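Its first residue numbered 14, the sequence shown is counted upward by one per residue in our numbering.
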Amino acid sequence: MASVNPFDVSDSEEEAERRPNETVDTERSPSEGAPGPPSGSPFSPPADAEAPTLMLSSNRTSPSGEATSVSAAATSTMTGSAETRVSVDIIAAQLLRDQYILTALEFHTELLEAGRELPRLRDYFSNPGNFERQSGTPPAKDQGLGSGGPLNRAGSISTLDSLDFARYSDDGNRETDERVAESEVPSQERKNFKSSPEIQEPIRPLEKRALNFLVNEYLLKNEYKLSAITFSDENDDQDFELWDDVGLNIPKPPDLLQLYRNGGSVLCSPRDKVDASVGVVFGDLPGNCVSREPQKKPDLSQQQQSEVVQELEYQLSLLSNEKQSLVEQIKKLQSEIQTLKRSVSSPPPPSLELCSQNSPHLSSSSTSKACSTNPPSVPSLDNGHYLDIRGVSEAENDLVSPSTQNTSPPQQQTCNKVTGQPHVQFDQPNRKLSPAFQQALLSFCRMCSDSRLGAEVSRIADSEESVMLMLGRCLPHIVPNVLLAKREELIPLILCTACLHPEPKERDQLLHILFNLIKRPDDEQRQMILTGCVAFARHVGPTRVEAELLPQCWEQINHKYPERRLLVAEACGALAPYLPKEIRSSLVLSMLQQMLTEDKADMVREAVVKSLGIIMGYIDDSDKYAQGCELMLLSLGDPSERVVNAVHQVFIPAFAAWTLELGNLHTALIPSLLARIEKLLTQGEHGLDEHKLHVFLSALQSLIPPLFAVVLQNAPFTSRAKLHEDIPAIEVTRFPRPASPLQDMAIIIGSRELLSSLLLLYDHQLEHEGTTGWESLLWVVNQLLPQLIEIVGRINVTSSTCVHEFSRFFWRLCRTFGKIFTNTKVKPQFQEILRLSEENVDASAGNGILTKATVPIYATGVLTCYNQEEDRKLLVGFLEDVMTTLSLSHASLDSLKASFVELGANPVYHELLLTVLWYGVVHTSALVRCTAARMFELLVKGVNETLVAQRVVPALITLSSDPEISVRIATIPAFGTIMETVTQKELLERVKMQLASFLEDPQYQDQHSLHIEIIRTFGRVGPNAEPRFRDDFVLPHLHKLALANNSQSVESKRIDIAIHLFEAYSALSCCFISEEVMINHFLPGLRCLHADMEQLSPEHEVILGSMIKECEIKVENRGITDAQGSISIASSLVGEDAKTKFLSKMGQLTTSGAMLANVFQRKK
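As structure tokens, then:
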């Protein structure tokens, strides 16, 4: 006898009868899908076998072996032939009796999905008492389930049922069988499993983030703002503004209140289900089967029912209001249609709604009549034109109905006249089916039109407007389900819809989606969004840009993510050309100013500065000049270097171009900066704020190209400039390298050809015709240059930063204005002030200016602009004259030192400086030779060792044998610097020999100034010199000098040397000194110095005492460490031996774990 599938619950009974002899699979395993073995399998237990105890587990489904047993047991209860029908209730009772709970649960699920609910299974699985945890022992084999026998139970999956995160989340760590088991259990049964608190699993990360989002939303909606803030702070890793941040690729669920009211799931309506037990005779059931309990109605409390009623009444009122508004809209549209019909003879715009769309149950004749006499009774809410496939069946009824075949053509013509579209004809069969039967027949086509998506799919847009309306409705639902990394692909679609959509609210929503499309957009994504914004602005015009795009920027001006604020800052600049001019100079300028002062992110402020520069290029309200100047100074003072660079590259050139048009560049902007510099110098007599000076001077430097453009554009020859092919090209080195394209002179003027033509006329005018009537150039010569030279004379010459800044400024000024201008206008003004001549050797005779910063700035900023032979000769002569004049007048050498430091930073000028110094070496005056010797100290650090060996050391050795002792002493610092910086041993030996001659030659024994210079030099170069030189030469000679100072009879000389020795020993005490040198030289020298300080300076004596104690402790500790080191060496040798033995033993082992464990067993 063929086996019968007890799970065959086909919707059609005839289908089962057509398969009497079929062998059907007994079970479909959810995890495997393999068919079960037929009846009679050796693995199938008898029907009266012991009922096994089954644990409900979240990680298992019913195994195939279990399913086989169930099948066999169920089959064994059937005594009829293959044609006998078995009631599903009998199968359910058998499964429950034998405790095949998961199989019964799956059976119940399949019945629910087929719409045939079985009360027996429903009542069993909805009763939590059937799953209560008892003592943990399995029930007795004769214990039936009918009496509510206990069932051991494991923890089930704990999820948020209303969201079904396990199915849609991105968490990839879930097991496959866990997801299958979860998806096959209906939500009501899963709720029953999870109702007991003792079986809850720990919350998963994605579940926690989802619940956090819903809790925060609930707190904000119900005015618990402080709690919401605290809750947000405690979960700072989550963005509560975006549901996408949760990480689930599903739309946002309802709020907590809605979830509570719905119980976390949507139950199927009872009328959608068929009771599968109807018609089952009680006598058909086996005698030991549990009797079927009556169906229980869902028990709702009175409070829940009242809440549901209130919610429904509220929704009813909303729908009534919406209905009223729609009725009014319909009346208005009908009146407009009638008006258009009367006024226009041609047919109205096409409307593709089928006549029967809005009345699906009307007869065909009444529908045609309504279409021919009246416009559609319910027009589409979005005023679009659609072909609705939901009305196809009614339309076919019109075509098929025999009673209307004779009248349909004129009615169709009338209807087509209203809709403006030809009626679509279909081939109809020669049948006489009634419309009702045909409608019922077509209802078996599985089409879904009662959902939002089904309604969209069923309507086909047939015009541009309707396409835009459809996109406007669908995009908000599409965007949250697109991966974050690919959302920029939606930008064209969003922008196109936002451009063409007729509803302002929908456009606003779409633009809001655009700016919130990506949580933290990167550079490429921001560029894509900005490109779309510009395209949108070009399409819609300034009015809509102001009304629709700017509010989106304003909303995100204080967003928590800097990438969003960066997008706003960049958008303000990108949209500047497309905004109304009054908005451009007011609202947008205020937004950028606020972001510049308040935003903490450097990259945002950098983008703000660039956008401000773009705004300055389009602004035309002269009243905003003061605000622009204020913004320039504010941004120049920004602590971020990248922001300041953006100011020089974009903002200042754009602002200068505007002031150039206003005529304020040389009359207001540059004079205001000069006034600020002068005020700064006046206030900073006791301490100059070099940072502010740098800010103002760098702004002046960026204004040099626009200033030269003013000079060219207002010159007498400007009108004669012509463009022709034989204009020579501009030399590459004619202008300094611009910091940005906006500072390129060709771009400022307009073209490279025009600039070349103007430069030819400019040089000719300066060289042959003069500056008469040239107001802009005269202002530069007569006002700007004198004021700058006067400011230069007031800065501190020892401030290398200030000297360098002003040198760069004059260098750029001279290079921009050209060589003729520099030779004829700039150099004469400096030379007049400096008045270089050897006759004026007295400092009181007016040469005080030579000690100011004017000398290094003129030498390094003006004389180095051009590097031809005559320019180099002029620079060499100037430096020689300054060195000679300062030496002979016994003036300070700071200005000459500043010149050497600034020029020495560039290797191009090393040969030139050595030429100047050689002039001093062979000078007849000892004062000049002494100055030259001291200048070598500054030059040695930057010169390569080849030049030191070939030019510096020979010159110093020449000076070290000078007849004047002062010249010889002046070479000691330079020799010390060589010992500090040079690595060639031959050079070091030569220098060492020369210094030894100073210390050991008897003629220098009483030279107090020489000893002071040597001690000072040793203290300066000792810590950085080669350790061998320090240990073998410096420290022994310092010890000798300290010992000799103990017997110094002149107290002033004794204390002078003692103080210098104290400074030298303090510097050298930080160095690593070997124990031998410490004992033989360093400590004895300190003790000699301590003896001097006891008598001469008690405060120094205390410090020296502590230094001596520290050195003694170091020596003692070093001895202890050496002793311990010898012990540790011996122990390490023993340890290495043991380690070698151990590793050799380990190497003899195989990979067996048991053998490895035997190594560590104690010997018995």
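Beta carbons are placed, not taken as given, at the ideal position from N, Cα and C, and that holds for glycine. This one's a predicted model, so the numbers in the text were calculated from it and none came from an experiment.
So for Leu530, helix, strand or coil by DSSP?
coil
For Pro515 and Glu576, what's the separation of their Cα atoms in angstroms?
31 Å
Hey, quick one: how far does the alpha helix (DSSP H) through Arg942 stretch, first residue to last?
Counting along the chain, the alpha helix (DSSP H) containing Arg942 begins and ends at 939–953.
Helix, strand or coil: which one does DSSP assign to Glu559?
For Glu559, the secondary structure class from DSSP, reduced to helix, strand or coil, is helix.
Starting from Ala453, trace the alpha helix (DSSP H) in both directions and tell me its first and last residue.
Unbroken alpha helix (DSSP H) run through Ala453: 448–455.
Which of helix, strand or coil does DSSP assign to Glu214?
coil
Glu1089 versus Met948: straight-line alpha-carbon distance, rounded
38 Å
Relative to the alpha-carbon of Lys234, which residue among Pro505, Gln271, Pro215 has its alpha-carbon at the smallest distance?
Ranked by Cα distance from Lys234, the first of Pro505, Gln271, Pro215 is Gln271.
Backbone CA spacing between Ile833 and Ala669 [nearest angstrom]
Cα to Cα, Ile833 sits roughly 26 Å from Ala669.
Using only CA atoms, which one of Asp634, Ala548, Pro869, Ser1087 lies nearest to Arg1131?
Residue Ser1087 is the option with its Cα nearest to Arg1131.
Identify the continuous alpha helix (DSSP H) that holds Ala117 and give its terminal residues.
114–126
To which residues of the same chain is Tyr1017 closer than 7 Å at the C-beta, ignoring the five residues directly before and after it?
Phe1011, Leu1023
Apart from the five residues just before and just after Val1147, which ones in its own chain have a Cβ nearer than 6 Å to its Cβ?
For Val1147, the predicted structure reports a pLDDT of 45, less than 50, and the residue's modelled location is therefore unreliable. A value from the coordinates is still provided. There are no such residues.
Go to Gly786, then tell me how far its alpha helix (DSSP H) extends in each direction, as first and last residue.
No alpha helix (DSSP H) contains Gly786, which DSSP labels as neither H nor E.
I want to know whether the stretch 673–689 touches the stretch 731–742 - three or more CB-CB distances under 8 Å.
no
Residue closest to Asp739, alpha-carbon to alpha-carbon, out of Glu1129, Thr811, Leu773
Leu773
How is Leu255 classed by DSSP in three states: helix, strand or coil?
coil
When we look at the beta-carbon of Ser624 and count the other beta-carbons within 10 Å, is it buried (16 or more) or exposed?
Ser624 should be labelled buried.
Jot down the residue ranges of each uninterrupted beta strand (DSSP E) in the stretch 1021–1052, minimum 3 residues, whole runs only, in chain order.
none
Report buried or exposed for Arg964, applying the criterion of at least 16 other Cβ atoms within 10 angstroms of its Cβ.
Within 10 angstroms of the beta-carbon of Arg964 lie 16 or more other beta-carbons, which makes it buried.
Using CA coordinates, which residue listed in His817, Gly763, Val558 is at the minimum distance from Val875?
His817
Tell me which residue opens and which closes the alpha helix (DSSP H) that Ser635 is part of.
Counting along the chain, Ser635 falls outside any alpha helix (DSSP H), and DSSP gives it neither H nor E.
Buried or exposed: Tyr327, going by 16 or more other Cβ atoms within 10 Å of its Cβ?
exposed
Measure the alpha-carbon distance for Gly933 versus Ile802 and round it to whole angstroms.
29 Å
By the 10 Å Cβ neighbour count, where 16 or more other Cβ atoms means buried, how is Asn957 classified, buried or exposed?
When all chains shown are included, Asn957 counts as exposed.
Excluding the 5 residues preceding and the 5 following Leu736 in the sequence, name in chain order all residues of the same chain whose CB lies nearer than 7 Å to its CB.
Excluding its 5 nearest sequence neighbours in each direction, Leu736 has C-beta neighbours in its own chain below 7 Å: Glu766, Leu767, Ser770, listed in chain order.
N- and C-terminal bounds of the alpha helix (DSSP H) containing Ala670
665–675
Assuming Gln696 and Leu644 are in contact, meaning their beta carbons sit under 8 Å apart, how far apart are those beta carbons, in whole angstroms?
In fact, because the Cβ distance is near 24 Å, the residues do not count as touching under 8 Å.
Let's see if you can read the secondary structure: which residues bound the alpha helix (DSSP H) around Val889?
Residues 882–901.
For the alpha helix (DSSP H) that contains Phe1085, what are its first and last residues?
For Phe1085, no alpha helix (DSSP H) encloses it, and the DSSP letter there is neither H nor E.
Counting C-beta neighbours from all protein chains within 10 Å, is the total for Ser820 16 or more, i.e. buried, or is it exposed?
Ser820 is buried by the Cβ-count criterion.
Among Glu119, Arg110, Glu126, nearest to Asn143 - alpha-carbon criterion
Answer by Cα proximity: Arg110.
Three or more beta-carbon pairs under 8 Å between the stretch 788–797 and the stretch 745–763, yes or no?
no
Report yes if the C-beta distance between Ala712 and Leu755 is below 8 Å; otherwise report no.
no
CB-CB under 7 Å to Glu583, same chain, minus the five flanking residues each way: which ones, in chain order?
Arg539, Leu543, Ala620, Ser624
If you run the structure through DSSP and keep just helix, strand and coil, what is Glu130?
strand
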